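Scroll down for the structure; my scribbles are underneath it.
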Amino acid sequence: MTGTSNTQPIRQASSRAAARIVVTYAVFALLWILVSDQALMLVFDDPATLVQASIIKGWAFVLVTAALLYFLVSRLVYRIELAAEKDRINRRRKAAQFRAHSEQVHAQLEQRVAARTVELTAANRELDAFAYAVSHDLRAPLRAMSGFSEALIEDHADQLHDEARQYLDQIILASRRMNELIDGILVLSRSTRGTLECRDINLSELAERQIERLRKSDPERRVAVEIEPDLVMHADPATIEVALNNLLENAWKYTRRTDNPRIQVKPTALGSDPAICIEDNGAGFDMAHADKLFKAFQRLHRQDEFPGTGIGLATVERIIHRHGGQIEASANPGKGARFVFSLPANQAKKDPE
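The sequence shown begins at 81 in our numbering and counts up one residue at a time.
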């Protein structure tokens, strides 16, 4: 469309010039024929002489019209070339203006990116400093609170009345919960930073190891666990293991009050992408509150029902999104929950036999 609009004025000018040439030639030829024939008949009476004069007149007509056409066509070509040159100059000027504008915009974008990079670097430094403070400076007072409280109970139990023991027990429980919260914040912080070193890993083996740890930590529970063998995922081993562990811990925790608890790890699909499904028949949740599910510090169950920090699923979502994948959840209250996460196409697969 641009090329057509640029050449349209030249075509219109050429058409007008050609029309002028045709009209000029037609008028000249008509006048030549009418005037020259009348002039010859007035000058020559002898027929033979008139014929010779007519032949000469014809050759003169050819020469004169050739000269006239040469002049008119030359002017037409000159005007076309002039218009084309003006068009080329105009195009070059616009191209130069576009390049200058593009370079200016590019320079501005580079400046913005550089500024944002500096801001991001500073923010990461602050985040690292915060993580260090959380992991070192805050843990020491917590250990002191918990340690002294336990020492009071162990060494001075006979001197403590029941209300004092209850207070100390609450301090110990609060310290442990605060320690769990600090661990969750650190994991959440680390899940969004650092380089992902992706490779093929056996997700089934990671799930088996996590279930084994959960069984050892809670040996009295009997949970039926079905893990599809040889599920392979191209992902960063460290972060994807954190995501998988959090999902399995959730399934383990929320089936605590379920008769015949069951947990399944199996392949499925999310849209057109291969995906992994972790499904349980536990407490489930109301889908009306599903928008809170992956937000940090948001919980859908009371603390006295199912203890937790509200950080685990937020960490899972960030890890999956960093891999370029998606995660979805569905559930029914009292009937269990289903978490499905995907990676980009062709990243989740089964091992070839």
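For glycine and all other residues, C-beta sits at the position ideal for the given N, C-alpha and C.
Note that the coordinates shown come from a computational prediction; the quantities given were computed from them, not determined experimentally.
- DSSP places Met313 in no alpha helix (DSSP H) but in the uninterrupted beta strand (DSSP E) bounded by 311-315.
- In the DSSP assignment, Ser422 falls within the beta strand (DSSP E) that extends over 416-422.
- Taking a C-beta distance under 8 Å as the contact criterion, Asp366 and Gly416 do not qualify as a contact pair.
- Fewer than three beta-carbon pairs drawn from the stretch 177-186 and the stretch 221-234 are found closer than 8 Å, and the two stretches are therefore not classed as touching.
- Distance check between Leu111 and each of Arg100, Pro127, Phe141 places Phe141 closest, using alpha-carbon atoms only.
- Taking a 10 Å sphere around the C-beta of Trp139, we find fewer than 16 other C-beta atoms and assign the residue as exposed.
- According to DSSP, residue pairing for Thr348 in a beta bridge involves Ala355.
- Linking Arg279 to His403 through their CA atoms gives a straight-line distance of about 12 Å.
- By the Cβ neighbour-count rule, Ala202 is exposed, with fewer than 16 other Cβ atoms within 10 Å of its own.
- Taken in chain order, the unbroken stretches of alpha helix (DSSP H) that lie wholly in the stretch 213-240 and span 4 residues or more are 219-235.
- Here Glu308 has Ser284, Val345, Lys346, Pro347 as same chain residues with Cβ atoms under 7 Å from its own Cβ, once five neighbours each way along the sequence are excluded.
- Between the stretch 327-338 and the stretch 286-305 there are three or more inter-stretch CB-CB distances shorter than 8 Å, so the stretches are counted as touching.
- About 6 Å separates the beta carbons of Glu230 and Ile252, which is inside the 8 Å limit, making them a contact pair.
- When secondary structure is reduced to three states using DSSP, Gln406 falls in the strand class.
- Ser422 is a Cβ neighbour of Ala355, given a cutoff of 8 Å.
- For Asp249, the enclosing alpha helix (DSSP H) has its first and last residue at 242-270.
- With respect to Ile391, Ile281 sits apart: the two C-beta atoms are not nearer than 8 Å.
- By a beta-carbon distance limit of 8 Å, Phe108 contacts Thr145. Their separation comes to about 7 Å.
- It is roughly 11 Å from the alpha-carbon of Ala99 to the alpha-carbon of Val153.
- Just so you know, the alpha carbons of His314 and Ala194 end up roughly 32 Å apart.
- Assignment of Arg100 by DSSP, reduced to helix, strand and coil, places it in the helix class.
- Looking at Thr395, Leu393, Gly405, Glu306, the one whose alpha-carbon comes closest to that of Gly351 is Gly405.
- When only Cα atoms are considered, Asp167 and Ala176 end up about 14 Å apart.
- Short of 6 Å from the beta carbon of Ala409, and not among the five residues preceding or following it, lie these beta carbons of its own chain, in chain order: Leu373, Phe419.
- Counting only the Cα atoms, Arg295 lies some 23 Å from Thr395.
- Within a 10 Å sphere around the beta-carbon of Asn170 sit fewer than 16 other beta-carbons, which makes this residue exposed.
- Counting along the chain, Ile307 sits inside the beta strand (DSSP E) bounded by residues 304-307.
- Secondary structure note for Ile391: it is in no alpha helix (DSSP H), with a DSSP letter that is neither H nor E.
- Beta-bridge partners of Asn282 (DSSP): Val312.
- One Cα belongs to Ala187, the other to Ser255, and the distance between them is close to 52 Å.
- With fewer than 16 neighbouring CB atoms inside 10 Å of its own CB, Pro127 falls in the exposed class.
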